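Peer 1:
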Amino acid sequence: MAIIKIQKGTKDILPEEMPLWHFMEEKANEIFTKYGAKEIRTPIFEATELFARGVGDTTDIVNKEMYTFEKSKRSLTLRPENTAGVVRSFIENGMHRLSAPVKLWYKGPMFRYERPQAGRQRQFHQVGIEVFGIKQATADAEVISMAVNYLKALGLDDLTVELNSLGCPKCREEFKTKLKNVIRPYLSQLCDDCRTRFDKNPLRLLDCKSPECQEIYAKPEIQAVIQGDFICEECAEHFEELKSYLEILGIKYTRNKLLVRGLDYYNRTVFEIKSNNLGSQNAVCGGGRYDSLVKNLGGEDTPAIGFAMGMERLASLIAKKEYERLQAYIVSNDTKEAVKLAEELRMKGITCEFDLANKKFVKQLEKASKIAKYAVILGEDEINSGEVTIKNLDTAEQIKVSRANIIFN
Ligand code: ATP
Ligand code: MG
4 MAIIKIQKGT
14 KDILPEEMPL
24 WHFMEEKANE
34 IFTKYGAKEI
44 RTPIFEATEL
54 FARGVGDTTD
64 IVNKEMYTFE
74 KSKRSLTLRP
84 ENTAGVVRSF
94 IENGMHRLSA
104 PVKLWYKGPM
114 FRYERPQAGR
124 QRQFHQVGIE
134 VFGIKQATAD
144 AEVISMAVNY
154 LKALGLDDLT
164 VELNSLGCPK
174 CREEFKTKLK
184 NVIRPYLSQL
194 CDDCRTRFDK
204 NPLRLLDCKS
214 PECQEIYAKP
224 EIQAVIQGDF
234 ICEECAEHFE
244 ELKSYLEILG
254 IKYTRNKLLV
264 RGLDYYNRTV
274 FEIKSNNLGS
284 QNAVCGGGRY
294 DSLVKNLGGE
304 DTPAIGFAMG
314 MERLASLIAK
324 KEYERLQAYI
334 VSNDTKEAVK
344 LAEELRMKGI
354 TCEFDLANKK
364 FVKQLEKASK
374 IAKYAVILGE
384 DEINSGEVTI
394 KNLDTAEQIK
404 VSRANIIFN
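Numbered according to the working numbering, the sequence shown spans residues 4 to 412.
1. Pick from Thr71, Arg56, Leu159 and Val342: whose alpha carbon is nearest that of Glu322?
2. I'd like to confirm something about Glu315: is its beta-carbon nearer than 6 Å to some heavy atom of the ligand ATP, or not?
3. How long is the line joining the alpha carbons of Ala5 and Gly170, rounded to whole angstroms?
4. Tell me which same chain residues have a C-beta within less than 7 Å of the C-beta of Lys260, skipping the five on either side of it?
5. Residues in its own chain within less than 7 Å of Ala378 by CB, not counting five upstream and five downstream?
6. What are the residues that DSSP puts in a beta bridge with Ala50?
7. Pull up the DSSP beta-bridge partners for Ser278, would you.
8. In terms of alpha-carbon separation, which member of Leu266, Val273 and Gln120 lies closest to Tyr256?
9. Taking only the alpha-carbon atoms, compute the straight-line gap between Phe201 and Asp60 and give it to the nearest angstrom.
10. Considering just the uninterrupted stretch of the alpha helix (DSSP H) at Cys197, what are its terminal residues?
11. Start and end of the alpha helix (DSSP H) containing Thr354?
12. Please report the distance separating the alpha-carbon of Ala407 from that of Gly389.
13. In terms of alpha-carbon separation, which member of Arg115, Asn299 and Gly309 lies closest to Glu275?
14. To the nearest angstrom, report how far apart Gly428 and Arg328 are at their CA atoms.
15. Which residues in the same chain have their Cβ closer than 6 Å to the Cβ of Glu42, if we skip the five residues on either side of it in sequence?
16. Whole angstroms are fine: how far does the CA of Lys351 sit from the CA of Asn279?
17. Answer yes or no: do Leu79 and Phe54 have a C-beta to C-beta separation smaller than 7 Å?
18. Nearest by alpha-carbon distance to Leu157: which of Val134, Leu23 and Phe233 is it?
What follows is the structure in structure tokens.
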């Protein structure tokens, strides 16, 4: 019979890769807990409308990348990102009543119908943070610090933080108009996507990957607008404050005025963290402030800022980790006694296995030396005297101890 294969753009995370994934997950818990953040787990599917409104219907994610299906006449979508879901939960559970800031972190699978390539899958994993309730730049600094310290804890340091401010809806409007005015003469030469962006979301023009469009945007009169300072005084102050906190924290960054991020909801601070050791999919982290999203989704007006990191991209930067060997492997041909001893050891917190198939003694010893630190030998003599022989499988040293006294360090 023909075998059924895994779907394009998806991957099994095999047992031998799990220690690395556990490491990433445990470090997330450890680092984010230091900042007082708590974990939240929201469903993998939500109403399609949540993403249309929450991510924005001018984005690639909503227009091209969503896995949408219908059940009982409801349109549902596998989450392409988790900010919208966390915001929905924040609103639905009245979390604005909690004392601010509310710091939430999450990890889990996301789904985007993209062209699979290195660093780009259709099901991938993100770990992320959302901080609600603080409009001051302290929250921006705190969130960037969480990202940087998490990456440090993973042992990643060859990274660049790119920073930009998109201003507020008010100052951005003027910028959009200026940008459109300088780009309009070239409209017919732009790619299809950019022609749509021009009308729907001109900021996203800067995000275009097409070399032809990039060449046009590199023209001096267009660069003059892009590189000019358009943000209003309050936005500029907020940005200066953030920069001063980053300085105190010793976080180096570069200003990237082309950084606009893919989602519709950002205002003021946006940032990306890129690795110098990845190919063209080099962004490991993307984040920013989204002060209007909670209100747009029907909640109380609540400022917020967060980030998401791609865990497969992180995993590809971290050296492989191995499972710990078992502490003990029970070697015995008396299966009933072995069952009993295994239970005793596991109750004491010792990791152990015994031979479920009761193979020959020598075979069991061979297996023990492959997978465990110690062989716990339970022969006829030992059973009669209530003892076991413990053999250190690295040094071959042996000692006899009573069964009640077995401890490993
Ligand atoms: P890109 O420009 O690479 O498409 P994005 O702006 O769509 O990224 P975000 O939505 O900000 O990405 O997601 C945050 C992070 O999640 C990215 O920086 C990346 O590390 C990871 N990521 C996004 N899409 C994918 C994917 N299809 N496969 C693997 N990782 C992804
Ligand atoms: Mg993308």
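For every residue, glycine included, the Cβ atom is placed at its ideal position computed from N, Cα and C.
Since this is a predicted model, take the numbers as computed values, not measurements.
Peer 2: Considering the structure as presented:
1. Reading off the sequence shown, one finds Ala at residue 322, where the question assumed Glu. With distances taken between Cα atoms, Ala322 lies closest to Leu159.
2. Yes, the Cβ of Glu315 comes within 6 Å of a heavy atom of the ligand ATP.
3. About 56 Å.
4. Same-chain partners within the cutoff: Asn167, Ile229 and Gln230.
5. Taking Ala378 as the centre and dropping the five residues before and after it, the same chain places the C-beta of Tyr332, Val334, Leu368, Ala371, Lys394 and Leu396 closer than 7 Å to its C-beta, in chain order.
6. The partner list for Ala50 (beta bridge, DSSP) reads Leu79.
7. Ser278 pairs with Leu162.
8. Taking each of Leu266, Val273 and Gln120 in turn and checking the Cα distance to Tyr256, the smallest one comes out for Val273.
9. Going by the C-alpha atoms only, they are around 14 Å apart.
10. From DSSP, the alpha helix (DSSP H) with Cys197 extends over Asp195 to Lys203.
11. Unbroken run through Thr354: none, as it is neither H nor E.
12. Cα to Cα, the separation comes out at about 9 Å.
13. It is Gly309 whose Cα lies nearest to the Cα of Glu275.
14. As shown, the chain starts at 4 and ends at 412. That puts residue 428 outside it, with no answer to give.
15. Trp108, listed in sequence order.
16. Distance between the alpha carbons of Asn279 and Lys351 is about 46 Å.
17. In terms of Cβ geometry, Leu79 and Phe54 do not form a close pair [threshold 7 Å].
18. When only C-alpha atoms are compared, the closest one is Leu23.
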